[in-house]
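Protein chains in written order, with the working numbering: chain A, 1135 to 1494; chain B, -19 to 300; chain C, 562 to 1070.
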């Protein structure tokens, strides 16, 4: 109960909320300068989300990977690490799942879990590389992770081309049904919206995020290392191995995001020109959510909704959908520069304090 | 002879790819020497590439074909500088986390650039291909020297500008009062503060220089290689530039060398198709090469001890 | 020289940081050519006041008069213009730069666009000769001694024409000999007509140097006296506010078996030199061994080596006969070692953890606090409540972040945690740094209690009074070696000072 109270403590909620408002405002200003109608744009966005069961289902589908990547980034942040490599770990997760899904032929109760676990472990190991480089060699984890992102992209492409590709095409053979994790009856019910078990797993991961960090001893170690690695060392904790472990767990979350895109949505993997972007959006989600479980959940809903609804903006108000990237970018700019937000709010906060004083 | 010709070509192409890295890395150098980490170089390059594409296009349409690329270059520098102010205000005045803000700038710049591209080009996510970009300049006499002539003296004007800026940077950083003060601010800001030097001012300048130079770096790619701007025009070069700063130990000449090393790895991609043995290696591995090399360089730890001591720490006068 | 003209007058200076009043209506006068000591404990407000004079802070109330004119000092540049210079406690020097570069920074002589290094080097040489502060302008700061670095700090002020020089705790990092040299330098500066303010908490230096002394306590001026009217005891009393006794209840007792045996220990330091260079000593049960020495002579490394936090390159460490060399910090701790670290913020606590989370920092892995990998918060809270009670740690609850506790209470929390381990060996490094008198007394009491109960205590401190009050034996460390043992009963600061600065002659048989 106290924990719930802590999250909804007014001051810690103020910055994210105001940042969202400021971000939406920035988007509106940009649109207005471009000669577009911000109100029409935003309302087309919202209406797209709720306009049909199909759209609502797809919105959920679009939010799911952000939950995974948001948790991945938030988890790493809590342990003092900036996991920018989520893009690459997501990709390796996809590749791992696709490999198992295409090449192997097993009964469903083995095949699907194996594909999930393989993808998750691929993601975890990929992240552990960056973690190890940081712990053992002091390599800046941001640059190394970005490099690993690109390497993951080309490695995945190579694997698809070499082992999985269909003749004359740029995509792999389809993943066998025994590995797929769609929720068929729900897909039917929502007019073919691509619903899958990954959404449920994502919610479980949110709970896991909380449990691991705040209820286990290993989480205690990770938080200590994240907050003060010197004190952690003094206290006898193995700082280096803790860093690697936490990157591994973070990578598992990221990898799961990729896994379910394959096993729940697409069913095949193509040769790609670039990574998908869920990783960077995961950073946005984690930042907005204050690296808390509930915050990540709500942030994923917001950004996932904005992303999915943005197509509605171009249909409904002829606005380039990228304006949503500007909105999201602005929101996290304000969250990251919370000093600016507090500075803007200073006159309002002082009035509140004065009113309180007078009332007292 | 065949081999020497190819070597000359290789060096030539290395210079082409290195130029953008040199500009951007020099920008990163100034920012980091003043103590501010700038992960947003990628986004600043994107902004520069975009601005150059649009400005050049409009200049050509306005009839100024000869000077169009130069106008594009200037536009890129200005646009990059403006974007860098976001980073500066946030991290210097409001003391936000420099790494996080840098990542945010990257996301924001790309979004802005694509949005504006779509607005200006009727929904297309690429700018129109420019008909008039930079062409290689042959330096008289020098370019006729066998091998070296082709390698070094037939380059885009941007390459010569980049090298010139590198030399000027070295001089400014290590021989002028401005450079001394900038370095002091990055090593031990309270020393500078207590002799009356404004830490804030020098850090702003450092970050703004990184915006200006990275903008030029992005413009170089548009105006010499791709002739347009799309979402994948800049693909990691900003981050490679950061690695070049580290590898070059925060020294302008070292940075140039490091940038050329990475540029070389990008140039190899073009040469993969030419040789029998390299045709066997899957193209994906050539694409990976610059990134793998960067990673290996980072792992060796070269340059790790040479960072400015106050790098990444916001300066809080109250905690002197 | 006209000693009666005031060059600096601070009238009614008040400075607040939020609700905290750092300076409360302070009046101070400095005359030309005078050496004026500003005496007070840690946190009394001395540095704040001088930072105001140097333009780094602005006062909420009060006036500043320089040379008979009222002024506002907006920043360091203005202060420098007015002829005020400050020699900081933590030197403001850029390590990779040369001496000359550091001195001219901000006022660089130029030839066209370039810095005129020849002129700069010559000017520095000239000033250093004039004031007899020998330095080599072309050597880099990171390659010179602390004493020389301080001279560079002083030259910085003189280069800018300072007539009023403020020294902030100038002797904190100097050896006894370097302190004597500094006293000479300050005297000659005053003789030349410079007006000097020295911030310090060291009574001996005040008596040796100052013409006038102003005592500050809790932000207020207590008294201003001429040096001839006072003595150390009176000053101590004024500084602290009551009769100060450093005596603790320590009966002589026979020490027991050897608990800690350090034999020929060697540890590498930062620059390829040996930080610890062949050190051997024992600590027995029921005794306090104090290690004296100027900061930076290997004490920190020694402690890190004993506690497993840093690698030992040669020699051995034995605890109760078992070899502990190069074991992990956890193994050392579990074998019966408690460690009160010298930096409570860096090592001792995770400031953003709650008080109770900090209490299990060294023991969370135990079954007592949870099984199967989970944490038993109830057990943790129970322990925390018990320790907070027993050791009088004042906070608004065990759930608040450790950051919100005062320094003294943070230290008490650390001591509580370490003593709870019931260690055979308790290591305390600078245990009362930055604490007020009440907290200091408490910490001393606990240490002596532990000693009386038969624990072996290894005490590292830079405060001689503390060492003499608590230790049964005192050894001196210099450049990683033991210079010898001194007699605790008959305190001889001269002898101690010589040993601390590496002079074997101080060693008595």
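We treat Cβ as the ideally placed atom computed from N, Cα and C, and that holds for glycine.
- By the Cβ test, the segment 1337 to 1355 of chain A is not in contact with the segment 1170 to 1179 of chain A, since fewer than three Cβ pairs between them sit closer than 8 Å.
- Runs of alpha helix (DSSP H) with 4 or more residues, each lying fully within the segment 1382 to 1434 of chain A, are found at 1412 to 1422, listed in chain order.
- Under the DSSP assignment, residue 823 of chain C falls outside any alpha helix (DSSP H), being part of the beta strand (DSSP E) whose first and last residues are 819 to 829.
- Taking the beta carbon of residue 1210 of chain A as reference, no residue of chain C falls within 8 Å; the closest one sits roughly 17 Å away.
- Contact of residue 928 of chain C with chain A is not assigned, every C-beta pair being separated by 8 Å or more.
- For residue 567 of chain C, the uninterrupted beta strand (DSSP E) run begins and ends at 567 to 578, by DSSP.
- Identification of chain C residues near residue 172 of chain B by a Cβ-Cβ cut-off of 9 Å yields 653, 655, 666, 667, ordered along the chain.
- Rounded to the nearest angstrom, the gap between the Cα atoms of residue 914 of chain C and residue 961 of chain C is 8 Å.
- Taking a contact as a CB-CB distance under 8 Å, the pair residue 1435 of chain A and residue 1197 of chain A counts as one, their CB atoms being some 6 Å apart.
- In the three-state scheme derived from DSSP, where H, G and I count as helix and E and B as strand, residue 1023 of chain C is classed as coil.
- Under the 8 Å criterion on CB atoms, residue 1414 of chain A is classed as interfacial with respect to chain B.
- Your pair residue 1362 of chain A and residue 912 of chain C checks out as a contact, with CB atoms roughly 7 Å apart and the cut at 8 Å.
- Within chain A, the C-beta atoms nearer than 8 Å to that of residue 870 of chain C come from 1367, 1368, in chain order.
- If you look at residue 597 of chain C, you'll find it isn't in any alpha helix (DSSP H); it sits in the beta strand (DSSP E) that goes 596 to 600.
- Under the DSSP definition of a beta bridge, residue 59 of chain B lacks any partner.
- Against chain C, the CB of residue 1352 of chain A has a partner CB under 8 Å away; the residue lies at that interface.
- With a contact defined as Cβ atoms closer than 8 Å, residue 880 of chain C and residue 820 of chain C qualify at about 7 Å.
- With contacts defined as CB atoms closer than 8 Å, residue 1204 of chain A and residue 1433 of chain A qualify as a contacting pair.
- When the five nearest sequence neighbours on each side are left out, the beta carbons in the same chain lying within less than 7 Å of the beta carbon of residue 688 of chain C are those of 716, 719, 720, in order along the chain.
- The DSSP-derived three-state label of residue 935 of chain C is strand.
- DSSP places residue 224 of chain B in the uninterrupted alpha helix (DSSP H) bounded by 217 to 227.
- Between residue 1036 of chain C and residue 1025 of chain C, the beta carbon gap of about 13 Å keeps them out of contact (Cβ cut-off 8 Å).
- For the C-beta of residue 1364 of chain A, the chain C residues within less than 7 Å are, from N- to C-terminus, 907, 908.
- Fully contained in the segment 656 to 687 of chain C are the following alpha helix (DSSP H) runs of length 4 or more, in chain order: 660 to 665.
- At least one CB atom of chain B sits nearer than 8 Å to the CB of residue 1407 of chain A.
- With its beta carbon at least 8 Å from every one in chain C, residue 211 of chain B lies outside the interface.
- Sequence-distant Cβ neighbours of residue 150 of chain B in its own chain, meaning closer than 8 Å and more than five residues away, are 231, 232, 233.
- The beta carbons of residue 597 of chain C and residue 773 of chain C sit closer together than 8 Å.
- For residue 1456 of chain A, there is no enclosing beta strand (DSSP E), as DSSP marks it with neither H nor E.
- Here residue 870 of chain C is buried, its C-beta having at least 16 other C-beta atoms within 10 Å.
- Per the Cβ contact rule, the segment 778 to 786 of chain C is in contact with the segment 579 to 598 of chain C (3 or more Cβ pairs under 8 Å).
- Within the segment 71 to 83 of chain B, contact with chain A at the beta-carbon level (separation under 7 Å) is assigned to 74, 75, 76, 77, 79, 80, 81, 83.
- A straight line joining the alpha-carbon of residue 187 of chain B with that of residue 979 of chain C spans about 47 Å.
- Shown here, residue 1049 of chain C sits in coil according to DSSP, grouped into three states, outside any helix or strand.
- For residue 891 of chain C, the chain A residues whose Cβ falls inside 9 Å of its Cβ are 1369, 1370, 1371, 1372, in order along the chain.
- A distance of 8 Å or more separates the beta carbons of residue 1210 of chain A and residue 1375 of chain A.
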